[in-house]
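Below: the structure, in C-alpha cells.
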Amino acid sequence: MTVKAAPGVKVPKEGAPREYITEDAPEAVPGSAYYLRRLDDGDLIRVEDAPATAPAKANTREEKGNE
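The opening position of the sequence shown corresponds to residue 3 in this note's numbering, with each subsequent residue numbered one higher.
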C-alpha cells in the first residue's frame with residue numbers, strides 16, 4: 003500500500019525509527035500491524051496508486067451529424 007503522513011506529522015518507519023514518512027512524498031509500505039495502526043490513528047493517509055496509463059474512454063453513443 004502507498005501512504006503519506008498527515009499534514010504536520012512525521013511518522014517513523016517500521017524498523018528504521020530515525021527515518022520518517024512525511025507528507026511530501028508518498029511511500030510504499032507493507033500492510034503490517036504497525037502501519038495499519040498508524041492509518042487508524044490518522045497519522046498516515048492512504049494514497050491511491052495511480053494507474054500507469056489512463057484507460058481509453060469508450061464512445062458508446064454514435065454522434066449525430068448535421069443532416
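Note that beta-carbon positions come from the ideal geometry of N, C-alpha and C, so glycine has one too.
Fair warning: this is a prediction, and the values are worked out from it, not measured in the lab.
Own chain partners of residue i with C-beta closer than 6 Å, once the 5 adjacent residues on each side are dropped
{"i": "residue 9", "result": "25"}
Straight-line Cα distance separating residue j from residue i
{"i": "residue 43", "j": "residue 15", "result": "15 Å"}
{"i": "residue 34", "j": "residue 27", "result": "20 Å"}
{"i": "residue 30", "j": "residue 37", "result": "11 Å"}
Integer-rounded CB distance, given that residue j should sit under 8 Å from residue i
{"i": "residue 5", "j": "residue 23", "result": "7 Å"}
{"i": "residue 46", "j": "residue 7", "result": "6 Å"}
Same chain only: Cβ atoms within 7 Å of residue i, ignoring 5 sequence neighbours per side
{"i": "residue 13", "result": "7, 22, 23, 40, 45 and 46"}
Beta-carbon proximity list for residue i, same chain, < 8 Å, skipping 5 on both sides
{"i": "residue 70", "result": "No statement about residue 70 is possible, as the shown extent of the chain runs from 3 to 69 and does not include it."}
The beta strand (DSSP E) enclosing residue i, as first and last residue numbers
{"i": "residue 18", "result": "18-23"}
{"i": "residue 7", "result": "4-7"}
{"i": "residue 14", "result": "13-15"}
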